Structure formats: C-alpha cells, structure tokens
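A short worksheet on the structure shown next.
Now the structure itself:
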C-alpha cells in the first residue's frame, strides 16, 4: 500500500509538471499546432496505439507518378 501511495504521488507530480510545462510553451506554438496534434492523437487511438500509423501522412496522387516525381513537387 505504501508503494502504491508513493507511485501515485509521483505520478501526480509528473503529470502536474508536464502540464505546467506544456501550458508555458503553448502560446509559442503555431496556431494550428493543436489541431495537428489532436489529429495525430485521434489516429493513434484509432490504430490501437500504432505510432507509425498515426504519424504517416497519406495523400492521393495522379496515376503514373513515381516517388521521385512527388518528392520534387
């Protein structure tokens, strides 16, 4: 029980400090940053915790284009 209490206090402290740190830099972020991070979080949850699926952006391109053509544009 004592270890659980210590872990709980430590967890609350870490979350509090992380939250304060985030709030202190939030205003310095791009105005659309929260939308982007929100979308990433939604994709992360939908994929069952697959960070790769959440961070890869997909878009349709014209048929016949090569990866090199897309990189140049």
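In the working numbering, the protein residues as written are 1239 to 1311.
A virtual CB, placed ideally from N, CA and C, is assigned to each residue, including glycine.
Treat the numbers as computed from the prediction; the structure is a model and nothing was measured.
- In the three-state scheme derived from DSSP, where H, G and I count as helix and E and B as strand, residue 1276 is classed as helix.
- The three-state reading of DSSP puts residue 1301 in coil, since its state is none of H, G, I, E or B.
- In the DSSP assignment, residue 1290 falls within the unbroken alpha helix (DSSP H) covering 1289-1293.
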